[in-house]
Amino acid sequence: MVTRGFFSGRRPPSDTDARIPPGQYLEQGFPVLSAGPTPRVRTEDWSFTLKHGPKPIKKWSWAEFNALPQSKMTRDIHC
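The opening position of the sequence shown corresponds to residue 16 in my numbering, with each subsequent residue numbered one higher.
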């Protein structure tokens with residue numbers, strides 16, 4: 016089995032050369048793999064609950080969760 020892009024001749028930009036192992040390439044998008052269709056959830060119905068065991072500690076709505084402080088990080092994933 017050969018993965019997509021294995022022989023494509025892709026070269027990573029020079030600033031990432033040292034971080035990418037031989038035979039691998041920089042992927043600009045992260046592939047989403049799933050066994051079925053992605054469920055559609057209305058943001059009005061969405062919530063995120065933090066629990067300790069079975070006990071809920073905190074619950075956020077979509078608006079509350081998106082109002083929390085955010086940061087952006089870049090990390091390498093080597094497969």
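Every residue gets a Cβ at the ideal spot worked out from N, C-alpha and C, and that includes glycine.
From which residue to which residue does the beta strand (DSSP E) around residue i run?
i	result
residue 7	Here the chain covers residues 16 to 94 and nothing more, so residue 7 does not appear.
residue 64	62 to 67
Whose C-beta lies closer than 7 Å to the C-beta of residue i among residues of the same chain, with five residues either side of it excluded?
i	result
residue 36	93
When we look at the beta-carbon of residue i and count the other beta-carbons within 10 Å, is it buried (16 or more) or exposed?
i	result
residue 67	exposed
Just checking my contact of residue i with residue j at CB under 8 Å: how many whole Å lie between their CB atoms?
i	j	result
residue 74	residue 64	5 Å
residue 62	residue 49	Not quite, the Cβ-Cβ distance comes to about 21 Å (not below 8 Å), so this is no contact.
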